[in-house]
Amino acid sequence: MPFTLKKIKAIKDKKLSLFLLQDLKINHRNAQRYASKGRIFDENMQAIKPSDKIPGEHIFMAVFEGISRGLKPLIEFEDFAIFDKPTHLMVHPISKSTPYSLLDEIRFHFGENANLIHRIDAETSGLVIVGKNKKSEKILKDMFEDKKYHKSYLAIVEGEIKEEITIDKRLEKEGKKIGVRMKAGDSGKESCTIIKPLKYNVKNDTTLVEALPLTGRQHQIRVHLYSIGHRIIGDPIYGVKDDIAEEYLNKTLDKKIREEETKSHRLWLHANYLEFTYKNITYKIKSKNKEILKELGF
């Protein structure tokens, strides 16, 4: 998401914070964010502080402007929309140099007040909810915190799973070399995932499963499945050597080596279904992305 420098007609000698709030109608939170991060400049390209008086007739603001690569919402309503995110796409930029993320499409389609309600990993494909305004964003995010969503994922895992399994293991940081890696055990935060086998592939010794996370911990489905000996195909963090995981996280892992070590070019985890009630209406949304089924030959 690139920065764009916008030239804005200003009121000379007016306090910057008041100009942003009163004249540009930027809310207090965003006004403080723009100014405190050094994104507002005078005509000599010197950063201006919120308490400064505007020295000239114009100011310049460095703002993020979303770009589009053709990804459109799966479905759109008055207050929110849902994207069917492809794999290998980050939902949010990790730095100013990130060239493109789902947030680009969100801001491109719905403006700067639109935002993600929740996140999924870059390689996890599937459904992501977007609030189109600040009010709906807060309501929908609070619903997530209160666990008022029913979510279902599809995953392709190593080995055969014959019966439904409830994995009730606590999760915590592994605390070793790979900082993002979690581990399942008796300590940490309570976590529960229900795993339902759907189809077994004898040829590849893999099982297509439905995963229903009853809690929302980091890497929960991945860690829980790995903890019972059924790692998700393509996982570059769990079930691989530390140096492979580290190279993956540093974006230096060779694609061929990645496929040899993890058995795929991607993590085969897909956010397939969402159900929730918003303003007394119940929404049931299913992904139209069939890539995971094609991988199994369905």
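According to our numbering, the sequence shown is numbered sequentially starting from 208. Don't be surprised by glycine CBs; every beta carbon is placed ideally from N, CA and C.
Residue(s) in a DSSP beta bridge with HIS265: LYS216
Helix, strand or coil at MET389 [DSSP, three-state]: strand
Residue range of the beta strand (DSSP E) that includes LYS358: 356-365
Minimum C-alpha distance to LEU415 - residue among LEU421, GLY423, THR469, ILE402: ILE402
Cβ neighbour criterion (16 or more within 10 Å) applied to VAL430: buried
Check whether THR211 and VAL270 have beta carbons under 8 Å apart: yes
Residue range of the alpha helix (DSSP H) that includes VAL430: 427-434
Contact between the stretch 285-299 and the stretch 472-492 (3+ Cβ pairs under 8 Å): yes
Distance between ARG438 and GLY506 (C-alpha atoms, nearest Å): This structure cannot speak to residue 506, because the chain is shown only from 208 to 505.
Selected residue, minimal CA-CA separation from ILE492, among GLY338, THR484, TYR455: THR484
For ILE327 and VAL298, believed in contact at Cβ under 8 Å, the rounded distance: 6 Å
Three-state secondary structure (DSSP) of HIS299: coil
Continuous alpha helix (DSSP H) assignments of at least 4 residues falling wholly in the stretch 398-424: none
Same chain, Cβ closer than 7 Å to LYS463, neighbours up to 5 away in sequence not counted: none
Contacting residues, own chain, Cβ-Cβ under 7 Å from ILE218 (five flanking each side not counted): PHE226, ASP230, ILE261
Residue burial classification, LYS339 (beta-carbon count within 10 angstroms, cutoff 16): buried
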